[in-house]
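Notes for the one structure printed next.
Residue numbers (my numbering): 15 to 260.
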């Protein structure tokens, strides 16, 4: 059973047109890839593929993988719609070396690493990501939540609110987990509907990442608080971007 089947069709509704990105995000990856001589990229939790056109536009040979066939089906359709032919594979990122014999210059895992049940699983994922990186390659993560968000324990976040569609996160805080309930509310004349999808994730805060990534063999770690490359601050940062060097 694919746990993401109920979300795949609606996943992109908060992100604007497929293939378009915030200029600051584009510049972040452009500079990072140039500085680290990145020509090959594996997005190992690519979902509906929304970052794949960005990496392709930077001149990279791009591969996408995801555990969800429903997400990959949406990615194939979206990529075909803009004329891109990018290889996609159904792979759990805890099994990457079984499926990929080549080494990549960069592995990317955005907003997906927390959907595992234990530190043992995190460590296995990091080790597998490292095994498909070349020596000196980079791993880029954007885990959720941040130290600040974990401390504040906000119950409700409204990331999208338009005249036609709203997305609300209703968050339940458990002892060492977070349950994200995604409420998609359609309130246009042509559609009035409510769709709900829920999943649990384990917070992977900065200190946890630092310890586990070092065990997994990453030699150097950078923690950023935004795509403008501001340093990460546990007390104030609303985002956490990790760059780990193999």
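All C-beta atoms, glycine included, are put in the ideal place defined by N, C-alpha and C.
- Within the same chain, Cβ atoms closer than 7 Å to the Cβ of residue 140 are found at 226, 227 and 230, the five residues on either side in sequence being excluded.
- Burial check for residue 65: the Cβ neighbour count within 10 Å reaches 16 or more, so the residue is buried.
- Straight across, the Cα-Cα distance linking residue 111 with residue 142 is about 6 Å.
- Residue 70 holds the alpha-carbon nearest to the alpha-carbon of residue 34 among 162, 101 and 70.
- Distance from residue 109 to residue 62 at the Cβ level is roughly 21 Å; contact not present, criterion being Cβ atoms closer than 8 Å.
- Going by DSSP, residue 104 is part of the beta strand (DSSP E) stretching over 101 to 104.
- Listed in chain order, the non-local C-beta contacts of residue 75 below 8 Å within the same chain comprise 53, 54 and 55, local neighbours out to five positions each way being set aside.
- DSSP places residue 135 inside the alpha helix (DSSP H), whose first and last residues are 133 to 145.
- Residue ranges of uninterrupted beta strand (DSSP E) with 3 or more members, entirely inside the stretch 160 to 237 and ordered along the chain, are 170 to 175, 179 to 187, 192 to 202 and 205 to 215.
- Between the C-alpha atoms of residue 257 and residue 203 there is a straight-line separation of about 45 Å.
- Pairing residue 180 with residue 201 gives a Cβ-Cβ distance under 8 Å.
- The closest CA to that of residue 186, considering only 163, 206, 252 and 178, is found on 163.
- Shortest Cα-Cα distance from residue 18 to any of 50, 44 and 80 involves 80.
- Going by C-alpha positions, residue 124 is about 7 Å away from residue 157.
- Apart from the 5 residues on each side of it in sequence, residue 83 sits with its Cβ closer than 8 Å to the Cβ of 16 and 104 in its chain, given in chain order.
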